[in-house]
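Heads up, the thing below is written out as structure tokens.
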RNA sequence: GGUGGGGUGACCGAGUGGCUAAUGGUAGCAGACUGUAAAUCUGCCGGGCUAACGCCCUACGUAGGUUCGAAUCCUACCCCCACCA
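Numbering (the working numbering), first residue to last: 1265 to 1686.
Structure follows, in structure tokens:
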């Protein structure tokens, strides 16, 4: 538990590592990097593993570099992808790179002896000339070597362009560049990055005659076999604008029992004894889900801050707490309840439920709303809606005259406050 | 460039002239059970109108055509895959 590697191993971060890494870490602080894709302007929970990996690294006195792929984003990594990815505009990539950089700063400290560094490979990749690249980099790799890589193999069926085929060389170039300019000796990443990382190690060895290292994290899948990081409403993002702290909290709270322990180890900094205690408590009373609560609270606080986490907890308790029945009273003052505003003039007079549900976004069409009601899946102010013809009367509305609202719910979990603007 | 195979709903994958909004599976949504879990069972699952029976629109790579009628036949084009050059 005293050094980086054994900590990472104990917490389930290590899928694979190059053999010499342990010895190298014995000898003193190292500089390491992880690359992040700028495919969107926010990271999602899937990127938490590498982010936490870097954070642990820093906690053990090593220096982390977060590399945003503003240059590689132009090309697209075939690893783990089934299809060619669309090309993004430079402006888009740069915007995304900025957003991602901001989020990473939550996990890393940019002060002190081993202050974290942010780099964008656009700075060195975009100015590169093809002839120089082929001479200095391409020379070191045989086609046979490249063809053996998993990322290429798995795409031979569906097709891979020369562009994506070249990706591993560009990533190798990154590693070599960071080695040369910043003394970076270790690259970490998802297990799908193994091939790219070893290509980088190879390049450093050939051009510098030095030994670099690699470590890859396991691919996180859920116990049900679905992709980690999805919820009812799609991807779970770290950006509070895309995924509200409440929904973020809910995502973690709804973790499958079988995944909780692993998630606590991967996504929190809690000590292993603390985690074991929580798991023991959970085994004693699974229905209370103490481990889930701890997990959700911790991760939300880390990503959105203490205050937002508290609010998410309060909201969740108000909505799901032991309000045994269908009382609507505790729903009024809920802080961070998802909200939607609709101008009254956009709704027919008399407020037919069907139209209201469509306006709220809970139903995707009138037909959908109708079907939902017939399946008893919609609730108004805590009561099931039992008629598709229901007209919502004024007495069902709450709140001040200028912002009357009603509480809609779809299923067990989707609450929404619909505010009617005059 | 040649030869062969192929493009079906979110995905996989049946379907070769009317019974097809299109079998089945997955994913998704809702309901029951429970613990805001898993598993299981049930219903829904292109859009609009309807209390409902039902009606209408859009859809099987794209554009035309044949036919009373086409995802299914014909023509051209686009794209993908395999092998050959």
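We put the CB at the ideal spot given by N, CA and C, even for glycine.
Straight through space, the alpha carbons of residue 1638 and residue 1650 are spaced by roughly 7 Å. By the CB criterion at 8 Å, residue 1360 and residue 1302 fall inside the cutoff. Separation of residue 1446 and residue 1294 (C-alpha to C-alpha, rounded to the nearest whole angstrom) is 11 Å. Taking 8 Å as the cut-off, the Cβ atoms of residue 1339 and residue 1365 do not count as close.
Annotated as distal: residue 1314 and residue 1372, with beta-carbon spacing of 8 Å or more. DSSP lists no bridge partner for residue 1431. The distance from the Cβ of residue 1282 to that of residue 1454 is about 16 Å, inconsistent with a contact at the 8 Å cut-off. From the listed residues 1433, 1387, 1556, 1460, the smallest Cα separation to residue 1403 is found for 1433. Note on residue 1449: 16 or more other CB atoms within 10 angstroms of its CB, so buried under the neighbour-count rule. Going by C-alpha positions, residue 1642 is about 32 Å away from residue 1546.
When beta bridges are read from the DSSP output, residue 1451 appears opposite 1297, 1478.
Secondary structure at residue 1616: strand, using DSSP grouped into helix, strand and coil. Distances from the CA of residue 1336 to each of 1392, 1326, 1325, 1310 were compared; the closest alpha carbon is that of 1392.
Between residue 1492 and residue 1310, the gap from beta carbon to beta carbon is short of 8 Å.
Around the Cβ of residue 1426, a 10 Å sphere holds fewer than 16 other Cβ atoms; the residue is exposed.
Rounded to the nearest whole angstrom, the CA to CA distance from residue 1358 to residue 1299 is 15 Å.
Using a C-beta cut-off of 8 Å, the region 1605-1618 makes no contact with the region 1576-1584, since fewer than three inter-stretch Cβ pairs fall below that distance. DSSP places residue 1327 in the strand class (E or B) of the three-state scheme. Shortest Cα-Cα distance from residue 1684 to any of 1527, 1532, 1603 involves 1603. In this structure, the straight-line span from the alpha carbon of residue 1502 to that of residue 1579 is close to 19 Å. By the beta-carbon neighbour count (other beta carbons within 10 angstroms, threshold 16), residue 1401 is buried. Taking all protein chains shown into account, residue 1412 has fewer than 16 neighbouring C-beta atoms within 10 Å of its C-beta and is therefore exposed.
From the listed residues 1662, 1658, 1636, the smallest Cα separation to residue 1652 is found for 1636.
When C-beta atoms of the region 1479-1486 are compared with those of the region 1502-1515, fewer than three pairs fall below 8 Å, so the two segments do not count as touching. In terms of Cβ geometry, residue 1680 and residue 1660 do not form a close pair [threshold 8 Å].
Per DSSP, residue 1360 has no beta-bridge partner at all.
When the Cα atoms are used, residue 1665 and residue 1452 turn out to be separated by approximately 56 Å.
Secondary structure at residue 1603: strand, using DSSP grouped into helix, strand and coil.
The bridge partners DSSP lists for residue 1668 are 1684.
Distance from residue 1541 to residue 1528 at the Cβ level is roughly 11 Å; contact not present, criterion being Cβ atoms closer than 8 Å. If you compare the alpha carbons of 1655, 1322, 1530, 1304 with that of residue 1367, the shortest gap goes to 1304. Here the alpha carbons of residue 1565 and residue 1375 stand approximately 21 Å from one another. Contact check for residue 1531 against residue 1268 fails: the beta carbons are separated by 8 Å or more. In the DSSP assignment, residue 1642 falls within the beta strand (DSSP E) that extends over 1642-1644. Here residue 1491 is bridged, per DSSP, to 1485. Inter-residue distance for residue 1388 and residue 1417 is about 29 Å (C-alpha atoms, whole angstroms).
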